[in-house]
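Residue 32 in UniProt numbering sits at position 32 of the sequence shown; the count goes up by one each step and never skips.
All remarks here apply to the structure that follows.
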Amino acid sequence: MYALDETGLRTESDIRRTWSKVGVSPVLESNNSHEGLNLIGATEISKKFDTIMDAYSAQHSIKSHEVEVFLERLLDANPGKKVYVLLDNAKFHTSKEIQDFANAHSEELFLINTPRYSPKLNPQENIWNKLKSCIFSPSAFPSIDDLFSSVSSIYDCFNDDTNMVKSLAYARNYY
């Protein structure tokens, strides 16, 4: 069973919290860039706790086609198994294209939509929060390639530390 979701990251610095000496204001670096990445990712939430992610340029919106390609990737990663995918009710998750894809693969794919406006029911949100807490700093990324390299490195660490992923996304903690 996988939890699937999308998020966006930018090369600009982003601070979730900071500290400084009294009287000294922290400085945030800016590169005045609107570059970034749109990510689609899924985490296996019942046994293996592996994570899978695709990245697109921020100028490329994630729509039904990208979700379909990603679902195909999940099916390819689990040959001969029934794949259950938990996802939110974004319009591109409930589109005719996705429903047709799910119907065409009904023997191997089952989609479960969470209620609208309920991100706390999707364990993938915790993975995104962990990714963002690991990646953000007062310094901006010099380029989109540097941002992608950091994201890939963190995802490799996630897949090396399944206990950490389990603590964030274990299905029994949700349902």
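Every residue, glycine too, gets a C-beta built ideally from N, C-alpha and C.
Here the structure is a predicted model, which means the values were calculated and not measured.
Tell me the DSSP bridge mates of residue i?
i: F110; result: Y84
i: D5; result: G41
i: G36; result: R10
Could you give the residue range of the beta strand (DSSP E) that holds residue i?
i: I51; result: Correcting the residue type first, residue 51 is Thr in the shown sequence and not Ile. Counting along the chain, the beta strand (DSSP E) containing T51 begins and ends at T51 to S57.
From this set, the options, which residue's C-alpha is nearest residue i's C-alpha?
i: S46; options: V85, S61, D160 and L37; result: V85
i: H65; options: N129, A171 and I40; result: I40
i: L9; options: L37, V27 and S20; result: L37
i: P115; options: I154, A90 and A55; result: A90
i: D54; options: P79, T7, E44 and P119; result: T7
i: D145; options: E44, T43 and S57; result: S57
i: Q59; options: T43, E44 and E35; result: E35
Rounded to whole angstroms, what's the CA-CA distance from residue i to residue j? Just pull it up for me.
i: A93; j: K81; result: What sits at residue 93 in the sequence shown is His, not Ala. Answer to the nearest angstrom: the Cα atoms are 22 Å apart.
i: C134; j: L147; result: 12 Å
i: A3; j: G23; result: 45 Å
i: S33; j: S106; result: 43 Å
i: P26; j: A171; result: 39 Å
i: D156; j: S20; result: 32 Å
i: V151; j: E72; result: 22 Å
i: D5; j: N173; result: 18 Å
i: T162; j: W128; result: 15 Å
i: A102; j: S139; result: 42 Å
In the DSSP assignment, find the unbroken alpha helix (DSSP H) run with residue i in it and report its ends.
i: S149; result: I144 to D160
i: R73; result: S64 to A77
i: L131; result: Q124 to I135
Hey, residue i and residue j are a contact pair by Cβ (cut 8 Å); roughly how many whole angstroms apart?
i: N126; j: T51; result: Going by Cβ atoms, the distance from N126 to T51 rounds to 11 Å, so no, they are not a contact pair.
i: V165; j: F49; result: 4 Å
i: T11; j: S137; result: Wrong, their Cβ atoms sit about 12 Å apart, outside the cutoff.
i: P123; j: A169; result: 4 Å
i: I98; j: E68; result: 6 Å
i: L87; j: L109; result: So it is not a contact: roughly 12 Å between Cβ atoms.
Any beta carbon from chain C within less than 8 Å of residue i's own beta carbon?
i: F141; result: No chain C is present in this structure, which holds just one protein chain.
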